[in-house]
Structures are given as structure tokens and as C-alpha cells.
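Listed in order, the protein sequences are those of chains A and B. The numbering of the first sequence is my numbering, which starts it at 169 and goes up by one. The numbering of the second sequence is my numbering, which starts it at 169 and goes up by one. Don't be surprised by glycine CBs; every beta carbon is placed ideally from N, CA and C.
There are 2 protein chains.
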Amino acid sequence: MNQGYSTVLFQIDTTQSASKQTQIREFFVTAILNRSLMPGDALPSTRVLSEQLDVSRNTVILAYQALTDSGYIEPKDRSGFIVSPEAPVGQIPETLSQPADDQVKWTEKFVQKPSKLNIISKPLNWREYDFPFNYGQADSTLFSHSEWRDCARQALGIRDFGITAGDFGYNDDPLLVDYICSHSLPRRGIQVKPSQILVTMGAQNALFLLIQLLVSNDKKVVIEDPFYPDLRELLKRHTSHIRTLPVDDDGVIIDDDIIASADMVIVTPSHQCPTTATLSRDRRKNLLALAQKHDVLVVEDDYEFEMNFIEAPSPALKSMDDSGHVIYVGSFSKSLFPGLRLGYLVASEQLIEEARSLRHLMLRHPPGQTQRTAAYFMALGHYDAQIKRLRRHFSNRRKILHENLDQENLLEETGAHFGGTSFWINGPEWLDARTLAEKAAEQSILIEPGHHFFNAETPPKNYFRMAYSSIHEDKITHGFEKLVDCVKSLKP
Amino acid sequence: MNQGYSTVLFQIDTTQSASKQTQIREFFVTAILNRSLMPGDALPSTRVLSEQLDVSRNTVILAYQALTDSGYIEPKDRSGFIVSPEAPVGQIPETLSQPADDQVKWTEKFVQKPSKLNIISKPLNWREYDFPFNYGQADSTLFSHSEWRDCARQALGIRDFGITAGDFGYNDDPLLVDYICSHSLPRRGIQVKPSQILVTMGAQNALFLLIQLLVSNDKKVVIEDPFYPDLRELLKRHTSHIRTLPVDDDGVIIDDDIIASADMVIVTPSHQCPTTATLSRDRRKNLLALAQKHDVLVVEDDYEFEMNFIEAPSPALKSMDDSGHVIYVGSFSKSLFPGLRLGYLVASEQLIEEARSLRHLMLRHPPGQTQRTAAYFMALGHYDAQIKRLRRHFSNRRKILHENLDQENLLEETGAHFGGTSFWINGPEWLDARTLAEKAAEQSILIEPGHHFFNAETPPKNYFRMAYSSIHEDKITHGFEKLVDCVKSLKP
Chain A
169 MNQGYSTVLF
179 QIDTTQSASK
189 QTQIREFFVT
199 AILNRSLMPG
209 DALPSTRVLS
219 EQLDVSRNTV
229 ILAYQALTDS
239 GYIEPKDRSG
249 FIVSPEAPVG
259 QIPETLSQPA
269 DDQVKWTEKF
279 VQKPSKLNII
289 SKPLNWREYD
299 FPFNYGQADS
309 TLFSHSEWRD
319 CARQALGIRD
329 FGITAGDFGY
339 NDDPLLVDYI
349 CSHSLPRRGI
359 QVKPSQILVT
369 MGAQNALFLL
379 IQLLVSNDKK
389 VVIEDPFYPD
399 LRELLKRHTS
409 HIRTLPVDDD
419 GVIIDDDIIA
429 SADMVIVTPS
439 HQCPTTATLS
449 RDRRKNLLAL
459 AQKHDVLVVE
469 DDYEFEMNFI
479 EAPSPALKSM
489 DDSGHVIYVG
499 SFSKSLFPGL
509 RLGYLVASEQ
519 LIEEARSLRH
529 LMLRHPPGQT
539 QRTAAYFMAL
549 GHYDAQIKRL
559 RRHFSNRRKI
569 LHENLDQENL
579 LEETGAHFGG
589 TSFWINGPEW
599 LDARTLAEKA
609 AEQSILIEPG
619 HHFFNAETPP
629 KNYFRMAYSS
639 IHEDKITHGF
649 EKLVDCVKSL
659 KP
Chain B
169 MNQGYSTVLF
179 QIDTTQSASK
189 QTQIREFFVT
199 AILNRSLMPG
209 DALPSTRVLS
219 EQLDVSRNTV
229 ILAYQALTDS
239 GYIEPKDRSG
249 FIVSPEAPVG
259 QIPETLSQPA
269 DDQVKWTEKF
279 VQKPSKLNII
289 SKPLNWREYD
299 FPFNYGQADS
309 TLFSHSEWRD
319 CARQALGIRD
329 FGITAGDFGY
339 NDDPLLVDYI
349 CSHSLPRRGI
359 QVKPSQILVT
369 MGAQNALFLL
379 IQLLVSNDKK
389 VVIEDPFYPD
399 LRELLKRHTS
409 HIRTLPVDDD
419 GVIIDDDIIA
429 SADMVIVTPS
439 HQCPTTATLS
449 RDRRKNLLAL
459 AQKHDVLVVE
469 DDYEFEMNFI
479 EAPSPALKSM
489 DDSGHVIYVG
499 SFSKSLFPGL
509 RLGYLVASEQ
519 LIEEARSLRH
529 LMLRHPPGQT
539 QRTAAYFMAL
549 GHYDAQIKRL
559 RRHFSNRRKI
569 LHENLDQENL
579 LEETGAHFGG
589 TSFWINGPEW
599 LDARTLAEKA
609 AEQSILIEPG
619 HHFFNAETPP
629 KNYFRMAYSS
639 IHEDKITHGF
649 EKLVDCVKSL
659 KP
């Protein structure tokens with residue numbers, strides 16, 4: 169039996185996000201579980217370890233205290249510590265298999281291969297870029313951390329724990345549903361009962377549920393062009409009857425005949441994705457009249473309505489729907505953060521009942537503690553304060569980027585004047601935005617090429633998306649100027 | 169303009185889980201957002217409000233302080249507060265729609281109706297029963313709340329926030345994947361690379377992904393009988409070629425011909441669901457040899473292996489697999505809690521790549537903060553301490569229930585002697601367990617009738633499941649005696 173560690177063979181890694189105290193605890197727990205340290209073995213004294221790791225002695229004392237509290241180690245003699253005789257040990261079976269030599273004929277196994285879909289791939293290392301004009305990530309400097317943490321603490325407290333840790337079955341957290349029903353939706357002019365709301369794993373999950381329930385190969389679906397590629401690709405897996413409608417400054421252009429013969433129409437009326445155009449009131453009325461007359465379902469993806477900062481948002485399409493044909497999809501990814509994975513579906517009870525059952529088979533329900541934390545964040549007013557702060561910053565950022573765009577006639581922006589988190593940019597015809605994105609990346613500038621959004625097999629190449637949701641105000645002008653240099657350098 | 173509230177028209181609700189301070193904050197936030205209180209309006213003094221609500225003055229002061237911090241109110245004059253002129257206000261559009269009069273012909277819309285599936289419905293009010301022998305809920309009295317909360321605080325801290333709040337794209341939290349790869353799986357004898365692991369929204373989500381990827385109507389699937397009804401019903405939606413294999417005390421009985429002609433076999437080798445029998449070593453070897461010879465995929469649902477408390481668990485089937493035919497499904501629902509919704513899939517990289525893409529379209533990824541909290545809980549050793557505590561309590565509870573069952577020859581238990589969280593009970597032939605469950609519920613006893621688990625159209629009625637994961641040690645004997653009285657009262 170070894171006598172413990174006189175010197176500890178590890179170093180504090182200052183690049184890690186875990187604190188020094190945590191790293192010390194992790195090291196000893198791992199050593200105890202994998203039996204490098206056995207029950208009864210002595211640990212180095214706090215003085216010795218603090219010198220060796222070059223950390224304060226207090227950090228070591230706190231780490232040892234935590235290890236004592238969780239039963240891994242215990243005090244011995246006057247000032248030493250040993251591994252507790254009661255410490256948990258990892259049960260490692262004698263035979264540890266080698267990684268399998270794959271002999272499966274996988275090509276015959278798959279009934280679908282989603283990896284082959286042509287969807288957006290977002291760079292995860294966007295924080296490493298000096299000028300991140302990327303779309304859809306949260307700017308954590310604008311987020312109310314400490315309030316979120318307070319709400320999480322409350323949601324994880326003993327009072328709520330029994331409920332939020334449990335299997336909700338078919339249900340959601342009533343506090344969250346109540347907030348959506350009585351606060352979020354009325355701001356969009358929508359009045360529904362709680363039984364008409366289903367909480368989902370973000371808007372993506374809501375759309376996935378709808379497609380599985382409502383689209384098979386005999387169904388005709390109409391989408392916008394350009395449009396969100398993930399959803400278009402998903403639809404193509406379910407039906408070959410997809411029609412597209414073009415988009416102008418007033419949003420999607422309604423074609424009466426195409427709508428009349430469809431089973432489902434999917435639209436983004438507040439800010440068209442990706443052009444950010446807002447659907448005009450006349451077109452909304454026409455679309456709803458056609459849907460009602462021909463019994464066509466309309467899916468309204470209202471993915472960033474809270475980001476309207478210049479004017480109050482126009483009421484949702486769903487607020488004008490008096491026949492139940494509009495299915496509304498909401499998201500907290502922009503107003504809170506995308507890693508939260510919370511969104512919701514609003515529709516007739518009959519549809520919600522089926523979506524609830526399918527969600528149950530698919531994943532049960534979004535985690536209880538996540539739902540409850542968000543509910544507290546909203547009920548305590550932090551959500552509204554957060555949106556207000558985002559709007560103020562985004563408005564300022566948008567203004568700066570807009571002024572830059574106005575001065576540069578190589579690049580033209582389109583879209584709504586009410587807000588959003590991005591501009592849709594139309595470059596000169598000779599521009600290939602994919603080449604531009606590569607060249608810009610070399611200058612530490614991140615933009616999103618636009619070809620994926622178009623339905624055509626040979627899509628236009630000169631469009632791209634520039635978001636201002638992750639880039640600091642002070643960097644926009646410099647980043648834009650460098651980007652324009654890149655564009656000019658590509659001119660044939 | 170009104171002059172604020174001289175009296176506040178609300179009462180502290182002591183039955184609510186939210187604290188008094190929280191209730192006060194929620195009340196004012198709601199009033200400000202819906203404009204019952206306008207900017208500049210005065211709030212009642214802390215003295216007046218504390219008297220009126222019968223709470224300590226300090227509670228009111230803290231609530232006002234928090235409201236000030238978040239910008240809803242501000243101090244005015246010497247000791248008063250007013251609604252801040254900068255306070256966020258709800259934007260309520262002028263037209264608020266009436267709930268729609270549903271005119272959709274829904275019967276023509278659905279391409280599937282999952283609400284019609286014959287699956288388990290778990291009572292959510294189980295905490296109200298004196299003797300909850302229900303299955304699959306966590307006992308929050310056995311959980312390390314404060315350690316979980318510490319880990320959550322760390323995962324929600326500023327250091328981690330930027331990462332855990334972001335869109336992970338196709339990825340998972342590397343800390344969690346690393347822990348599963350280097351700690352959880354080696355205990356089951358499984359050695360894989362991180363790229364062979366996908367984190368899922370519980371085991372249910374892992375199984376759903378597998379079925380969508382690998383099962384269509386030309387595929388032959390073999391399952392156990394009795395078996396988990398949610399999964400069987402889900403399978404029936406994808407293929408009509410389902411064969412079942414009976415189960416005895418050594419687990420599922422392997423039929424060579426049936427396995428040889430199958431595309432996929434789904435098994436629960438550690439603790440068969442619901443009988444809890446452990447699959448014998450000889451049958452495991454035979455199953456794997458057949459799978460390898462005939463290129464059959466084997467799905468191993470290892471849903472509660474940590475709950476083996478009498479002997480070390482036998483190594484997973486996956487640990488004996490050297491050809492890549494076994495797909496392993498793990499879950500944290502039993503060892504942590506079901507509302508967490510975390511599980512994982514372990515398989516060949518080719519399969520994981522497709523499952524990752526499908527998960528991306530379905531829901532993106534399990535929430536980042538949930539993954540990171542669980543990763544810290546594990547890395548800091550709380551997870552092992554937690555399992556140890558659960559095992560100690562469950563072992564004791566199982567022993568008590570076992571002794572009771574042994575003394576009562578009306579009810580016979582089957583299953584593994586190694587642990588688990590439940591007994592599968594075989595009652596006298598004249599017993600209808602559904603009637604028994606109803607009668608027992610009147611006596612505040614909760615059991616789960618077993619008919620759902622059988623594949624036959626007219627399933628045996630005399631089986632039921634009794635779990636000991638949610639009932640306190642002290643209540644088991646009394647609850648069992650009362651249940652036996654119920655059984656006797658039903659004897660024809």
C-alpha cells in the first residue's frame with residue numbers, strides 16, 4: 169500500500185475555466201476513485217501543497233474542507249488529512265474492452281442520413297475573432313448574470329427541488345406557462361389558454377414537432393425564398409411537394425393560387441429570415457383570408473420579436489387569426505441565450521395535445537430546473553430589464569453599422585427598419601460571399617455567407633448576413649472598414 | 169394619473185413555494201409592466217406595507233432594494249420609493265384577439281396521432297400519497313441539494329457563462345463527455361473515444377433518435393416481452409415487423425432463428441424492464457455471437473446500472489462487443505433525477521455522426537448549463553457520493569420489502585438479486601392489478617399495474633410493479649400490509 173503523495177504530480181492550469189480550488193478537488197477525487205490514492209493514505213499538508221502548486225494556503229484548506237464534507241477525506245492527528253476509509257471507490261471491472269473493430273455494414277442500416285443535409289454550420293470559436301459579425305450567439309457581457317444566478321438558486325432550492333427534479337410527464341412548469349400566457353403573448357396581441365401552449369427545446373424543436381405531426385409526402389408546403397436552410401432541408405426529408413415564394417421589402421409576396429392549393433405555409437412575418445423584412449399589413453390580411461377560406465395551416469415563426477427597438481412590433485399574425493389556422497412559434501434564444509434551449513408552440517388544443525404526446529416520446533419535457541429558472545427570471549422582472557438593455561445596445565450597434573453601410577455603395581442592406589439582430593447584405597454581382605468570408609476570416613472578421621438560404625440549386629453568391637448581436641459597439645466601424653477592403657481586393 | 173397604491177390589494181400566499189420577498193417583487197413588477205402602476209407613482213412605505221402584509225419590515229426593504237437594483241423603482245425624498253421613469257413597461261398592442269374559434273379540419277391534417285398510443289401514464293401527484301410505491305421519480309430527501317447548487321452556481325458563473333450560454337452547434341460540453349468517457353463507461357467495462365458519445369435528453373431521447381435513424385417498415389425488430397411500453401408503441405409506428413422474446417429469471421430467452429433474421433434487437437441486460445432479471449453470461453455470449461455473425465444491431469438500454477447495490481454489476485454487453493454491433497444507452501435519471509433529462513448514446517462513430525445531425529435538427533443539444541452542472545457534480549465526486557447514499561438507502565428499503573414479500577404467499581416477486589429500484593410482482597391469477605391499483609389508491613397506496621408491459625392484445629392482468637425509490641424506509645411495512653388487505657378484499 170502506498171503511503172500517499174509526498175509530492176503531487178499535477179499543476180494548476182490557469183487557462184482552465186475551473187477555479188484553483190476546484191482543480192485541487194477534482195484531482196484528489198479522481199485519484200481516490202481510480203485508486204491511485206487508497207483509503208488511509210495521507211494527503212500532503214496544506215502548507216506543502218500550497219507551496220508546491222503556488223496557490224494560497226487558504227485555497228488548499230477550502231479544497232480539503234470540501235473534500236471532507238463530501239466524505240472523501242478526513243482529518244487525522246493534529247493537522248493532517250487521510251483518504252477516508254469510507255470514501256467511494258470506482259468499481260472498475262477486471263476486463264476493460266478494447267475499442268471495437270467496426271464490422272457493421274452501416275450503409276445497409278440507415279433509413280435516413282441527416283449528416284448529408286446542406287445546413288448552416290456556425291463557427292464555435294467566434295469569440296476568438298476580433299470582429300465577430302456572426303449571427304445567433306449571445307453576448308454574455310449584456311446578460312444579467314447575477315440575477316439569473318439568483319433565480320437558478322431559487323429554482324434549485326429545497327422548496328422547489330422536489331418538483332423541478334421530478335418527471336413532469338406530459339406537463340410543463342405551470343409558472344413558465346403562466347408567464348408566457350399572461351405576459352409574453354399579450355404583448356403580441358395573442359390571447360390563449362395555458363392548454364394551448366407547449367414548451368419546447370427552442371424554436372427548432374417546435375418546428376421539428378410540427379413537421380413530424382403534419383407533413384408527409386402527400387402534403388404541399390409553401391416556404392419563403394430565401395429562407396432558413398435547416399428548416400427547408402428538414403422539410404425536404406418529409407415531402408417533395410415544396411413551393412417557394414419570393415421576398416421583397418414588404419416581406420414574402422403572397423401568391424393566391426399557390427397558397428390556395430397548399431396544406432401548410434411557413435412564414436417569418438416580424439423579421440423575415442434572413443432578409444429581416446417585415447410583412448406588410450395588407451399581405452397579412454390576404455394570407456389569413458386565404459388560409460381560412462382554403463383550410464391551410466400557417467406556421468408563424470416569431471423568432472426575435474423582442475428585438476424590435478425602433479418601433480413597437482406589429483402584432484403577431486396569430487393575433488389576427490380568428491379561425492385557429494395560425495400556429496405560433498416563439499423562442500427565448502435571442503432574448504435570453506441560445507444554450508438555454510427554450511421556446512414554445514401556441515396553437516389549437518387539438519394540435520397541442522398531439523405535439524405534447526410526441527414530445528413525450530421524443531424527450532419527455534425541457535428540464536424542470538431550466539423552466540423554473542426562466543420563470544423566476546421573468547416573474548421578477550429581470551427578463552424585461554434584460555430586453556430593454558439588449559434593445560438599447562443593439563439599437564446603437566445597428567445605427568453604427570447602418571451609417572457605415574450607407575457610406576459604402578459597394579454593399580447594400582435590405583430589411584426592416586424596426587430592429588432585429590442583423591443586416592442582410594447584397595454585395596456587387598461579381599462577389600462570391602464564400603470567398604469573402606474566407607478572406608475576412610484571415611483578417612479576424614466573421615460574416616455568414618448567404619448561399620445556404622436560397623432554394624435554387626445554383627443560388628446567388630453575392631449575399632451575406634452581418635449580425636451585431638455579438639460584436640462590441642466600438643469595434644463595428646473598424647471591422648466594417650477592414651471588410652470593405654477585403655471586398656475591394658476581390659474585385660476582378 | 170393615479171397616485172400609487174395607498175393600500176396594496178394582495179396578500180402573501182404562504183402555501184406558495186416562492187418566498188415572501190419574491191412575492192412582493194413579483195407583485196410590483198407585474199403592476200408596473202401592465203401599467204396599473206405608472207412611472208412616478210409612489211409605492212407604499214416599507215412600514216405601511218410590512219404592517220399590511222404582516223411580514224417583517226426587513227423583507228419589504230430587501231424587496232424594494234432588489235426592485236431598485238433592477239431599475240423598476242427608485243428612492244424619492246427621504247424614505248419613499250416611486251416607480252422609476254425608466255422602468256420597463258409592457259408593450260400591449262391595442263387589439264387583443266379573442267381566442268380563435270377553431271375552424272380547422274384537424275382530422276385531415278395529422279399524419280400521425282401519438283396521443284392514441286397505449287403508454288404509461290405516471291401520477292404526478294404521487295407526493296400526496298402516504299405509501300408511494302411508484303416507479304421512476306426521485307426521492308429528493310436523498311439528494312445532495314447544496315452540492316448540486318454549488319455546482320450550478322459554478323456553471324452559471326461569469327467564467328463559464330459565455331460558453332454554457334452559447335449555441336453548442338453539433339457539440340456537447342467536453343467536460344461532461346470526458347467524465348462519461350473516462351469514469352462512467354470504464355466502470356461498465358466500456359472503452360470508447362469521446363467521438364463515440366452523444367449526450368441526449370435522457371435515455372428516451374437516445375432511443376427515439378435510434379429508431380428514427382434505423383427503423384423503417386422494411387426493418388425487423390426484436391424486443392423483450394414484457395417490455396417498456398413507450399418504446400414498443402414508438403416502434404410500432406415505424407415498422408410492423410416486430411417479434412417478441414419471452415423473459416425468465418435469467419433475462420430474455422434468446423431464440424437463434426429470430427435473432428438471426430432480425431435487423432435490430434433491443435434488450436435491457438442489467439435489469440430487465442420490468443422484471444428486473446439480469447441476463448445470464450451464456451445468453452449474452454450467444455446474443456453477441458449471433459449479432460456478429462448475422463450483422464444484427466443490438467441496443468443495450470442500461471437504464472439503472474448504478475443501482476446495483478448487492479453485488480458489483482456485471483459488465484455491460486457493450487464491453488464484450490468487439491465488432492461494433494452493440495449500441496449502448498445510458499441515463500442519469502435514476503442516479504441524479506429524472507427532471508434533469510440527461511442520458512447518452514455510445515456507438516460507432518458513423519452512427520454517432522448521424523445521431524448528432526438528427527439531434528441538431530430536432531433540438532440542437534441538451535442545455536449547456538445543465539450539462540456543465542452535471543459535469544461539475546461528477547468531477548467533484550458528489551455523483552459517486554450520491555450513488556453510494558442511494559445504494560445504501562435502496563438496499564435497506566429493498567430488504568424490508570423483500571422480507572414482507574417472502575412472508576406473504578399471495579404475492580410473488582421475480583427478478584435480479586443485485587438491486588434496481590423495484591420489484592415485479594406476480595399476484596394470484598384471479599387478481600386484476602388495475603382494480604387493485606384503484607382500491608389501493610383509496611388507501612393512499614400507489615402501485616403500477618403491469619398490463620401495459622405485455623405485448624399481447626389481452627395481456628395477463630395479475631402483474632404489477634412496486635418501486636422503493638420514492639417511499640421512506642419506515643413506511644414500507646405498513647404500506648405493504650395495507651396493500652395485502654386490499655388484495656385479500658378482492659378475492660372472489
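Contact with chain B by residue i, beta-carbon distance below 7 Å
| i | result |
| --- | --- |
| Val467(A) | no |
| Ser563(A) | no |
| Pro261(A) | Confidence at Pro261(A) is low in this model, with a pLDDT of 43, below 50, so the placement of that residue should be treated as unreliable; the coordinate-derived value is given next. Yes, contact with chain B. |
| Thr182(A) | no |
| Phe505(A) | yes |
| Leu548(A) | yes |
| Ile326(A) | yes |
| His619(A) | no |
| Glu522(A) | yes |
| His640(A) | no |
| Arg532(A) | yes |
| Thr538(A) | yes |
| Asn373(A) | yes |
| Arg317(A) | yes |
Short CB-CB distance (under 7 Å) between residue i and chain A
| i | result |
| --- | --- |
| Asn332(B) | Note that residue 332(B) is Thr in the sequence shown here, rather than Asn. Yes - at least one Cβ of chain A is within 7 Å of the one on Thr332(B). |
| Lys273(B) | yes |
| Ala445(B) | no |
| Gly511(B) | no |
| Ser657(B) | no |
| Gln233(B) | no |
| Asn385(B) | no |
| Gly337(B) | yes |
| Thr645(B) | no |
| Phe376(B) | yes |
Distance between beta carbons of residue j and residue i, contact taken as under 8 Å
| i | j | result |
| --- | --- | --- |
| Ile422(B) | Leu399(B) | The pair is not a contact, with the Cβ atoms about 19 Å apart (cut-off 8 Å). |
| Gly492(B) | Val272(A) | 5 Å |
| Val467(B) | Ile495(B) | 5 Å |
| Asp418(B) | Ala445(B) | 7 Å |
| Ala542(A) | Leu504(A) | 7 Å |
| Met369(B) | Pro534(B) | 6 Å |
Among the options, the one whose alpha carbon lies nearest that of residue i
| i | options | result |
| --- | --- | --- |
| Ser501(B) | Ala333(A), Ser408(A), Pro212(A), Leu529(A) | Ala333(A) |
| Phe196(A) | Ala547(B), Thr603(B), Lys556(B) | Ala547(B) |
| Gln440(A) | His462(A), Ala371(A), Leu344(A), Phe473(A) | Phe473(A) |
| Val216(A) | Asp209(A), Leu205(A), Ile229(A), Met206(A) | Ile229(A) |
| Met475(B) | Ser590(B), Leu447(B), Gln322(B) | Ser590(B) |
| Leu513(A) | Leu375(A), Ala234(A), Phe311(A) | Leu375(A) |
| Phe545(B) | Asp298(B), Arg452(B), Glu219(B), Glu315(B) | Glu315(B) |
| Asp307(A) | Pro354(A), Pro506(A), Asn339(A) | Pro506(A) |
| Leu531(B) | Trp274(B), Gln322(B), Gly337(B) | Gly337(B) |
| Thr236(A) | Pro596(A), Glu254(A), Leu285(A) | Glu254(A) |
4-residue-minimum alpha helix (DSSP H) runs that sit fully inside the segment 393-460 of chain A, ordered along the chain | 397-406, 424-428
Short-range partners of chain A found in the segment 277-294 of chain B, where Cβ spacing is below 9 Å = Lys277, Phe278, Val279, Gln280, Lys281, Pro282, Ser283, Lys284, Leu285, Ile287, Ser289, Lys290, Pro291, Leu292, Trp294
Would you list, in chain order, the members of the segment 486-499 of chain B that have their beta-carbon closer than 9 Å to a beta-carbon of chain A?
-> Lys486, Ser487, Met488, Asp489, Asp490, Ser491, Gly492, His493, Val494
Which residue spans inside the segment 339-393 of chain A form an unbroken alpha helix (DSSP H) run of at least 4?
-> 342-347, 370-382
Scan the segment 397-430 of chain B for residues whose Cβ lies nearer than 7 Å to a Cβ of chain A and list them as they occur along the chain.
-> Asp398, Leu402
If you measure beta-carbon to beta-carbon, which residues of the segment 294-306 of chain B are closer than 8 Å to chain A?
-> Arg295, Gly304, Gln305, Ala306
Alpha helix (DSSP H) runs wholly inside the segment 578-659 of chain B, at least 4 long, in chain order = 601-610, 644-657
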